[in-house]
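Residue numbers (our numbering): 51 to 542. We treat Cβ as the ideally placed atom computed from N, Cα and C, and that holds for glycine.
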Ligand code: CA
C-alpha cells in the first residue's frame, strides 16, 4: 500500500512494505517509482519537482536520496504577488475556551508567575530561587499553575548595538511580557551586563518601576539575593492567585505551528491535518503562525500568490532574501536544513521537506508577515520569520503565541515551560511507541482509519480544551526545552 499525493506524481510513499509487488524491499515512508524514470527526468511529489533523476530508475524501484539532483531554489526576483488570493472561508462561530483575560486584551492559556532575566549570569541563581518558590510558596497559591524563569544565553559578551542584536532583544522583551505571565514579570538583572533592564524594556516603562527589578550586584551575598527574589515572588503570587479563567472566543488564540523530526509522512498526514485545523482557527477569528524559513523557502512560489496584498508578499520575500544572505555569509544554503533522521524517514532533500512542511499553513490567505521575534498583532494566517531549529523557532514564536502545535515523524519529546505544546505524530507506529508523549496520532490518515478533516477537527477541539487548562503530555511530564533566542549579531 502506498500514498500518491497528486495525480502528476511519478513517485509515491510506502505505507506498508508488505502486500504488493516492488522491485526491491522499500522501507515504510520511503519512495517508490510509479513509472520508468529516465536520467534527467523530473521527479514529482505534491505535483512539484523534488529533484531530477541522475540515472535511469525502473518502475517499482526504491527512489533514494542519492538518485536525485536537487533543483535550485525558486528565484525571489519574479514571484507572483497576491495573484491568487483565496476567498475568505465562511466564519466559524460559537467556539470558545476558558482563558485568563489580561488588562491589555491579550489572553493567557496558563496562569504562570514569570521571572525575566537580562543575562545568562543570573540564570543559576534564579533557578535556585525558583526551586525554593515551587517547594515553599507555590503550594499556598493553588490558582497559579507554575513558576517559569525566562533564562537564556543572551545579555552580555555581544555587540549590543549591531543591527542583529535587535532580534534577541525584542524576542526576550515579548516573552517577558507574555500573556501567560499576565504581562507583569519580575525582572532579575546582574548589574553590569550589556542588556540593561532599561534596554530590554525600552517600550514597557512600568516594568522598570521600583519593586519590579532585582539587581543581584546590589544585594549582600547569595542568601540576600534569593531572599529578595522570594519576597517579590510572594507578592506577585498573591495577585496571580486571584486570576480566574473566563469564557473567551476562539479568536483570542494565537497558535504557533512547527514541525520537528519530520518524515515523508509528515506532508500527507500530520501537516495537512494541522493545516485543516489552521483553517478552522482562522475561520474562528484566531491567529495562526507558521514559521521555519528554510522549510518555506522552496515553497515560496506557492505562498506569494496567496498573500492578501502585494505588500504582504514582498514582506515574505524580504524575509526569505535576508535568510538566503544570512546562510550565504556562513557559506551554506537551505539544503543544510535536512537531518539524518529526515533522510532515514524518507525525505530526499529540503525541497521535498518544504513542500510537506507548508501544508501546515492550510489554505487561507496569508494575512501578514512578522520579522524575527516581532510580536504578531494580526489575526488570520501569519508567517512569523524564524529559523527551523525547533528550540529557536519555539522561543521566537513565544513572543506571540499562547499555544503551540508541534508535528513530528521521527519523534521528539520537545516541550515549552511557558505554553502548552500539543504534539501530533505523522505515523501510528510513533504514537504507539510514544503513547505517553504524543497527544494526537495523525498516522490514521495514512491507513485510512481517519480523514484529514476528522483529525483536523479533533485537533481543533483539543486545542480549545488545552487552552482551557487540559494538560498535554509535555506538561504532564514537565518538559520545557531551554529558551534559545536567535542571535544573528556578533558575539564579542
Ligand atoms: Ca522545526
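{"Item": "Is the separation between the beta-carbon of residue 476 and that of residue 459 shorter than 8 Å?", "Value": "yes"}
{"Item": "Sort out for me which residues DSSP pairs residue 2 with in a bridge.", "Value": "What is shown of the chain runs 51 to 542, which leaves residue 2 out entirely."}
{"Item": "Any residue with its C-beta under 6 Å from a non-hydrogen atom of ligand 1 counts. Can you list them all in chain order?", "Value": "308, 309, 310, 342, 438, 440 and 443"}
{"Item": "Buried or exposed: which applies to residue 446, given that a residue is buried once 16 or more other Cβ atoms fall within 10 Å of its Cβ?", "Value": "buried"}
{"Item": "Could you give the residue range of the alpha helix (DSSP H) that holds residue 72?", "Value": "From DSSP, residue 72 is part of no alpha helix (DSSP H); its letter is neither H nor E."}
{"Item": "Could you have a look at residue 329 and say whether DSSP puts it in helix, strand or coil?", "Value": "helix"}
{"Item": "Go ahead and label residue 289 buried or exposed: buried means 16 or more other beta carbons lie within 10 angstroms of its beta carbon, across all protein chains shown.", "Value": "exposed"}
{"Item": "Along the chain, where does the alpha helix (DSSP H) containing residue 204 start, and where does it finish?", "Value": "First-last for residue 204: undefined, no H or E at that position."}
{"Item": "Under three-state DSSP, which class holds residue 150?", "Value": "strand"}
{"Item": "Are at least three pairs of beta-carbons, each pair with one atom in the segment 400-419 and one in the segment 363-377, less than 8 Å apart?", "Value": "yes"}
{"Item": "Please list the terminal residues of the continuous alpha helix (DSSP H) segment that includes residue 247.", "Value": "247-250"}
{"Item": "Please tell me whether residue 340 and residue 456 are closer than 8 Å, where the distance is taken between their beta carbons.", "Value": "no"}
{"Item": "Does the separation of the CB atoms of residue 430 and residue 332 fall below 8 Å?", "Value": "yes"}
{"Item": "Could you name the residues of the same chain whose beta carbon sits closer than 6 Å to that of residue 344, not counting the 5 residues immediately before and after it, in chain order?", "Value": "384, 387 and 438"}
{"Item": "Which stretch, first to last residue, makes up the beta strand (DSSP E) that contains residue 340?", "Value": "337-340"}
{"Item": "Alpha carbon to alpha carbon, how far is residue 295 from residue 160?", "Value": "9 Å"}
{"Item": "Specify, as a first and last residue, the run of the alpha helix (DSSP H) that residue 443 falls within.", "Value": "440-447"}
{"Item": "When we look at the beta-carbon of residue 163 and count the other beta-carbons within 10 Å, is it buried (16 or more) or exposed?", "Value": "buried"}
{"Item": "What I want to know is whether the C-beta of residue 470 ends up closer than 7 Å to one or more non-hydrogen atoms of ligand 2.", "Value": "You won't find ligand 2 in this model; what it holds is ligand 1."}
{"Item": "Assuming the contact rule is C-beta atoms closer than 8 Å, residue 533 and residue 201 should be a hit. Round their C-beta distance to whole Å, please.", "Value": "7 Å"}
{"Item": "Counting beta carbon pairs with one atom in the segment 142-161 and one in the segment 105-124, are three or more of them shorter than 8 Å?", "Value": "no"}
{"Item": "Whole alpha helix (DSSP H) runs in the segment 246-305 with 4 or more residues, listed along the chain?", "Value": "247-250 and 271-290"}
{"Item": "Within the chosen definition, does the segment 485-497 reach the segment 302-309 through at least 3 CB pairs nearer than 8 Å?", "Value": "no"}
{"Item": "Taking the alpha carbon of residue 279 as the point to measure from, which residue in 186, 325, 330 and 244 has its own alpha carbon closest?", "Value": "186"}
{"Item": "For the alpha helix (DSSP H) holding residue 376, just list the boundary residues, first then last.", "Value": "360-379"}
{"Item": "Please list, in chain order, all residues of the same chain as residue 322 whose beta carbon is under 6 Å from its beta carbon, the five residues on each side excluded.", "Value": "409 and 502"}
{"Item": "Reducing DSSP to helix, strand and coil, say where residue 167 ends up.", "Value": "strand"}
{"Item": "Using only alpha-carbon positions, find the residue among 241, 274 and 82 that is nearest to residue 172.", "Value": "241"}
{"Item": "I'd like the span of the beta strand (DSSP E) that includes residue 416, first residue to last.", "Value": "416-420"}
{"Item": "Going by beta carbon distance, what residues of the same chain come within less than 8 Å of residue 118, once the five residues before and after it are set aside?", "Value": "93, 100, 101, 102, 103, 104, 398 and 399"}
{"Item": "For residue 95, which residues does DSSP report across the bridge?", "Value": "98"}
{"Item": "Give me whichever residues DSSP pairs with residue 119 in a beta bridge.", "Value": "102"}
{"Item": "If you measure between the beta carbons of residue 423 and residue 168, is that distance less than 8 Å?", "Value": "no"}
{"Item": "Which runs of the alpha helix (DSSP H) spanning at least 4 residues fall entirely within the segment 212-238, listed in chain order?", "Value": "216-226"}
{"Item": "Inspect the beta-carbon positions of residue 107 and residue 83 and report whether they are closer than 8 Å.", "Value": "yes"}
{"Item": "Check whether the Cβ atoms of residue 513 and residue 305 sit closer than 8 Å, and answer yes or no.", "Value": "yes"}
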